[in-house]
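Shown next, in structure tokens, is the structure this report addresses.
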Amino acid sequence: MNRRTFLTGAAAAAVVASIGKAGAAEHATDGLPAQNLFYTKENPGRWEKKAGTHVPHIEIVDGNVKLSTPHPMSEEHFIVRHTLLLADGTVVGAKTFTPKDSPISEYALPDGYKGKVFGTSFCNQHDFWLVEAKV
Ligand SMILES: [Fe+2]
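All the letters of the sequence shown, read from the start, carry residue numbers 137 to 271 under my numbering.
As structure tokens, this is what we get:
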């Protein structure tokens, strides 16, 4: 299993489902590392100076979710992928980007969904970032 497969597979859903309120660092479970597996604004780990351009922005309007990452896009350095998950780890959707794309994606939540949602953004140089919001 390569790194990308790992991050997009069931393990990522398990990590997201186990996060809780405070972010990554205090929530190691099931043998996962306590830090530097994924990053948040509150817990940027080894990428402390990178949070501003890597944490995805999340907007929720009438059951629609928009993720955007304020990150430059070039052949050498770009946002590879967004995903949106529900609190139980259900993947609502995902979008893969090329360096020519803008790192923006949109998703429709299940009808009537209430609860947490998790947006992820993966940079090819600065790893996997997470934002949490409540619907
Ligand atoms: Fe980056």
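Using N, Cα and C, we set each Cβ at its ideal position, and we do this for glycine too.
As computed with DSSP, F254 is found in a beta bridge with L221, E268.
Neighbourhood of ligand 1, defined by CB distance below 6 Å to any of its heavy atoms: H190, H207, H213, C259, Q261, H262, in chain order.
In this structure, the beta-carbon distance from A223 to G251 falls below 7 Å. Shown here for D247: same chain residues with a beta carbon closer than 8 Å to its own, the five before and five after excluded, namely G199 in chain order. Bounds of the alpha helix (DSSP H) holding H190 are 187-190.
As the crow flies, the alpha-carbon of Y243 is around 19 Å from that of H190. In this chain, the beta strand (DSSP E) harbouring S241 covers 240-244. Contact between R217 and T205 is absent: CB atoms are separated by about 10 Å, not below the 8 Å threshold. Taking 7 Å as the cut-off, the Cβ atoms of P235 and M209 count as close. With contacts defined as CB atoms closer than 7 Å, H207 and I215 qualify as a contacting pair. A direct Cα-Cα distance of roughly 16 Å separates V253 from Y175. For E184, the three-state secondary structure derived from DSSP is helix. If you draw a straight line from the Cα of H213 to the Cα of S238, it comes to about 13 Å.
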